[in-house]
Amino acid sequence: MSVRRLAEDSVQPTSFAFSEENAAWAKKRIALYPEGRQQSAVIPLLMRAQEQDGWVTRATIETVAGMLDMPYIRVLEVATFYTQFQLQPVGTRAHIQVCGTTPCMLRGAEDIRAVCQKHIHAEPHHLNADGTMSWEEVECAGACVNAPMVTIGFDTYEDLTTERFEEILLAFRDGKGDTIKPGPQIDRQFSAAQSGRTTLLADVEHIEHEHVDNGPVDPPKKATRPGRKREVDDEAAPGIKGPSPEGKVSSERAEAEENEAGGPARAKPDQTMREGATGGESPAEEPTKARSKPAARKPATRKSKE
Ligand code: FES
3 MSVRRLAEDS VQPTSFAFSE ENAAWAKKRI ALYPEGRQQS AVIPLLMRAQ EQDGWVTRAT
63 IETVAGMLDM PYIRVLEVAT FYTQFQLQPV GTRAHIQVCG TTPCMLRGAE DIRAVCQKHI
123 HAEPHHLNAD GTMSWEEVEC AGACVNAPMV TIGFDTYEDL TTERFEEILL AFRDGKGDTI
183 KPGPQIDRQF SAAQSGRTTL LADVEHIEHE HVDNGPVDPP KKATRPGRKR EVDDEAAPGI
243 KGPSPEGKVS SERAEAEENE AGGPARAKPD QTMREGATGG ESPAEEPTKA RSKPAARKPA
303 TRKSKE
């Protein structure tokens with residue numbers, strides 16, 4: 003990133019004044035802030051001055067400092083900190099800011115910069131021969147997903163290839179910049195995945211029809227956490243979920259099923275039931291008299307609360 007300094011004295015105008023319209027706007031803007039906080043208008047005023055003249059001159063900084071009753075150095079600090087403020091004369095048709103931060107650099111920012119050097123000037127902050135174009139390298143402009151990208155005026159041009167950027171640059175140089183659509187220069191919506199949608203793939207129309215065919219869906223059951231008044235959805239609080247209604251079996255039914263299967267499955271263990279058992283737990287039986295087969299284990303059942 004280049005050092006941000008004011009332009010050479012040779013190109014600095016001797017004075018600055020807001021146009022009548024902009025002066026009225028500035029007055030209203032300053033009045034928006036509470037008494038004693040008028041200095042907060044420094045950025046809007048500098049930006050308005052830049053929109054008027056194309057760049058921020060030393061005279062602009064002095065004038066804004068006077069309007070806001072600020073020391074000159076304080077306004078200079080703001081103007082030199084933000085790359086949105088141009089401190090050198092810029093092209094009358096376009097000033098191109100090439101993002102040179104890592105994601106853009108990895109995706110070809112150097113080639114984009116080379117196009118600027120070819121068509122505008124070898125050095126940043128220099129005008130082309132007829133004064134219509136200029137360029138500079140800046141830090142991340144926040145469109146990294148669509149790298150590489152450039153900013154021209156208030157718009158960004160993203161997903162650039164060398165060829166596409168050359169077309170854009172030449173269009174601006176020829177005064178046809180308004181024919182170029184800002185944003186991604188490939189077939190993608192904003193910063194959505196380049197290969198198309200990867201989530202939320204269900205056919206929404208299909209779901210709506212299904213809902214109509216099957217009738218409305220029951221609202222989720224509510225549960226109340228002990229000691230709390232607030233109602234909590236079962237889905238939102240799985241830890242307090244009770245057994246599902248399908249899983250509930252009455253104790254009578256469970257007992258009947260056990261008897262049907264050859265006796266209670268809760269019999270005490272003995273030698274016939276567990277290899278290595280001492281038999282002390284229950285009277286030993288002749289192996290032949292052992293149950294033909296142990297009672298089938300039933301799925302875990304819970305006692306009905308009733
Ligand atoms: S790195 Fe270029 S836009 Fe963020």
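Just so we're aligned, residue 3 is where the sequence shown starts under our numbering, counting upward by one.
Glycine included, each C-beta is placed from N, C-alpha and C at the ideal position.
Quick caveat: nothing in here was measured; it's all calculated off a predicted structure.
- In this structure, the beta-carbon distance from GLY185 to ALA96 does not fall below 8 Å.
- Just measuring C-alpha positions, the residue of VAL13, SER42 and CYS118 sitting nearest GLU138 is CYS118.
- Separation of the CB atoms of MET135 and ARG76 is rounded to 33 Å, and the pair is thereby denied contact status at 8 Å.
- Nearest to ILE45 by C-alpha distance, out of TYR84, LYS29 and GLY38, is TYR84.
- In this structure, the C-beta of GLY133 stays at least 7 Å away from each heavy atom of the ligand FES.
- Across the set GLU165, VAL92 and ALA263, the C-alpha of VAL92 shows the shortest separation from the C-alpha of GLU125.
- According to the DSSP assignment, THR65 belongs to no beta strand (DSSP E) but to the alpha helix (DSSP H) extending over 60–70.
- Taking a 10 Å sphere around the C-beta of VAL13, we find fewer than 16 other C-beta atoms and assign the residue as exposed.
- Per the Cβ contact rule, the region 158–170 is in contact with the region 107–117 (3 or more Cβ pairs under 8 Å).
- Taken through DSSP and simplified to helix, strand or coil, MET49 comes out as helix.
- Looking at the DSSP output, VAL77 sits in no beta bridge, so it has no partner there.
- Leaving aside the five residues that flank SER42 on each side, the residues in its chain whose CB is nearer than 6 Å to its CB run, in chain order, TYR35.
- Counting C-beta atoms within 10 angstroms of its own C-beta, LEU48 has 16 or more neighbours from the protein chains shown and is therefore classed as buried.
- Here ALA145 has MET151, THR158 and GLU160 as same chain residues with Cβ atoms under 6 Å from its own Cβ, once five neighbours each way along the sequence are excluded.
- Taking C-beta atoms under 8 Å as the contact rule, SER21 and GLN54 qualify, at a distance of about 6 Å.
- Taking all protein chains in view, the Cβ of THR59 is crowded by 16 or more other Cβ atoms within 10 Å, so the residue is classified as buried.
- By DSSP's assignment, ALA96 forms a beta bridge with MET135.
- Rounded to the nearest whole angstrom, the CA to CA distance from CYS101 to ILE114 is 9 Å.
- Taking the C-beta atoms as reference points, ILE188 is found no nearer than 8 Å to ILE154.
- Excluding five sequence positions before and after ALA9, the CB atoms of its chain that fall closer than 7 Å to its own CB belong to LEU89, GLN90 and PRO91, given in chain order.
- Look at THR104 here: in three-state DSSP terms it is helix.
- Out of GLN40, GLY133 and GLY56, the CA that lies nearest to the CA of ASP71 is found in GLN40.
- Beta-bridge partners assigned by DSSP to THR158: THR153.
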